[in-house]
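If you count the sequence shown from 1, you need to add 62 to reach our numbering.
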Amino acid sequence: GISRDRALKSLATLDRGEFRWEFLTPWVDRDLTRTDKVIVCSTFIGLAIVSQELIEPSTALAQHLSYVATFFSYAAGDQVVYRAIAILASLLEIFAYGVEDGAFLLREDAIPEGYNIIFIIVNSYYVLRWALNRSDMVGLGLLDATETELYKRCFEPLGVGAYQYVKLLRDAVWCAPTEETPLTVEGEPVTQLFVSVSGDFDVVSGGRRVATLPEYQVIGEVALLENLQSKDG
């Protein structure tokens with residue numbers, strides 16, 4: 063029989079990475095230029111539509127285009143590209159049913175059209191989330207001066223995006239501790255993180271100050287991680 067290792071090695075040879083236009087031109091032994099890709103893409107779309115028209119001449123053009131768009135959505139490795147093209151495919155299919163066929167929301171077409179509307183809403187939501195998570199301007203535009211200073215001096219150097227920081231602030235609590243307020247107690251589990259925006263904090267162990275933490279430094283992250291990894295965390 064075929065061993066597992068041999069089978070896996072055979073399957074691994076099939077992995078050619080993300081979709082590339084070179085997959086459609088295996089006889090070309092080089093990387094395609096941008097002009098080449100435009101030509102290949104246009105040729106593929108043209109041949110696909112002509113073939114589909116010959117096989118199903120009664121089908122609306124928008125429906126044929128939706129099939130092509132669906133192909134590209136499945137071929138795309140990038141999740142956002144996939145969802146964006148899937149939105150286009152759903153729109154084209156709705157257009158085919160409702161405009162070209164003049165039968166929008168007829169009983170026999172209501173289910174596929176209804177699902178396409180749901181697909182558009184769901185995919186649009188994820189595209190919106192992707193855009194917001196990558197737009198620093200959106201995040202920074204929602205902050206006041208103190209929040210912006212905290213982000214610039216503490217969270218941005220840690221690699222936290224502006225919009226991610228805005229979402230963190232939803233669960234944040236601003237407080238003004240006194241000189242005797244302990245943030246964490248040695249030996250007790252830590253369930254929160256702290257950042258000082260004004261003033262230093264002392265680290266005391268065994269009644270002695272062993273360190274001083276300056277402003278805009280995260281406090282308690284190590285203890286919190288240890289607590290989360292514990293049995294009761």
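Yeah, the Cβ is synthetic: ideal placement off N, Cα and C, and Gly gets one too.
What are the boundary residues of the beta strand (DSSP E) that residue i is part of?
i	result
Leu-255	Run containing Leu-255: none; DSSP gives neither H nor E here.
Ser-267	263-267
Thr-274	270-275
Let's test the definition: count the other Cβ atoms within 10 Å of the Cβ of residue i and tell me whether it reaches 16, buried, or not, exposed.
i	result
Ala-151	buried
Glu-288	exposed
Ala-146	buried
Ala-131	buried
Glu-155	buried
Ala-224	buried
Ala-158	buried
Tyr-213	buried
Ser-128	buried
Leu-109	exposed
Leu-286	buried
Glu-175	buried
Tyr-227	buried
For the putative contact between residue i and residue j, defined by C-beta atoms under 8 angstroms, what is the C-beta separation to the nearest angstrom?
i	j	result
Thr-274	Asp-262	5 angstroms
Val-100	Thr-87	13 angstroms between Cβ atoms; not a contact.
Glu-209	Leu-231	6 angstroms
Ser-267	Glu-248	6 angstroms
By Cβ distance below 6 angstroms, which residues in the same chain neighbour residue i in space, the five residues on each side in sequence not counted?
i	result
Gly-282	Thr-246, Val-252, Leu-255, Phe-256
Tyr-144	Ser-135, Ala-138
Ala-148	Ser-135, Asn-185
Val-259	Leu-212
Ile-182	Ile-149, Ser-152
Cys-121	At residue 121 the sequence reads Thr, which differs from the Cys that was named. Cβ neighbours of Thr-121 beyond the five flanking positions: none.
Taking 8 angstroms as the limit between beta carbons, can you name the residues of its chain near residue i, skipping five residues before and five after?
i	result
Asp-93	Glu-84
Cys-216	Val-257, Tyr-278, Gln-279, Val-280
Arg-271	Asp-264, Val-265
Val-189	Val-142, Arg-145, Ala-146, Ile-149
Which residues mark the beginning and the end of the alpha helix (DSSP H) in which residue i is found?
i	result
Arg-96	96-117
Leu-153	141-157
Gln-125	123-137
If I measure Cβ to Cβ from residue i and keep anything under 7 angstroms in the same chain, skipping five residues before and after, which residues do I get?
i	result
Trp-192	Val-142
Glu-218	none
As an exercise, report each continuous alpha helix (DSSP H) stretch of at least 4 residues that is fully enclosed by the region 184-244, in chain order.
198-202, 207-212, 224-231
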